[in-house]
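For the sequence shown, the numbering used here assigns the number -10 to the initial residue and increments by one for each residue that follows.
The beta carbon of each residue, even a glycine, is placed where N, CA and C say it ideally should be.
The structure presented is a predicted model; accordingly, all values stated were derived computationally and were not measured.
Contents: one structure, followed by commentary.
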Amino acid sequence: MTPRERMRLRKLQSADEKAKKLKQLAEEKYQENHQRMQRLRYQHFEQVSVDVLHECKEQPTPSHMNQSQPVSLQDYQSLLQPEPKAKVNQDRLCMSEPAEHEIPEDPTAAEEYYYEDGFESCSDENVEIEESEEELVCTTFKTYEQARSTVTSL
-10 MTPRERMRLR
0 KLQSADEKAK
10 KLKQLAEEKY
20 QENHQRMQRL
30 RYQHFEQVSV
40 DVLHECKEQP
50 TPSHMNQSQP
60 VSLQDYQSLL
70 QPEPKAKVNQ
80 DRLCMSEPAE
90 HEIPEDPTAA
100 EEYYYEDGFE
110 SCSDENVEIE
120 ESEEELVCTT
130 FKTYEQARST
140 VTSL
């Protein structure tokens, strides 16, 4: 066996050993994480169970525990999003725009409206300029490649 082959085998063996060590380490970490998650789930389950027991004690009779009451659509929607919070969100959205100023329909007047507040928009003109610059660079590169291929073929 040549020295080069021996060196190659040693490198392969060391790589295999490293891979085994990493695999063992990954397995150990996985087991640790799995055990930790089980403990956290068990602790969380215990906390929920305790809270449920406290709620059951507050009810006047045990017959109420097994009965469920129908929920109307309005009650369900109010559970999903309480009305006061929705009103606060709507007010918060309206705070950014003054109520007495409407955005003009005319594009030039709208531009002036935005520039009053120092608002810089990304208009289509900027995008078109960037696209035309990219096209120019691509065209220049293609022309250069064509010229180079023509010179090399001569």
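For T97, the enclosing alpha helix (DSSP H) stretches over residues 96 to 105.
8 Å or more divides the Cβ of Y102 from the Cβ of P96. DSSP places M26 in the helix class (H, G or I) of the three-state scheme. In this structure, DSSP gives T(-9) a state outside helix and strand, which the three-state scheme calls coil. Between the C-alpha atoms of F34 and A15 there is a straight-line separation of about 28 Å.
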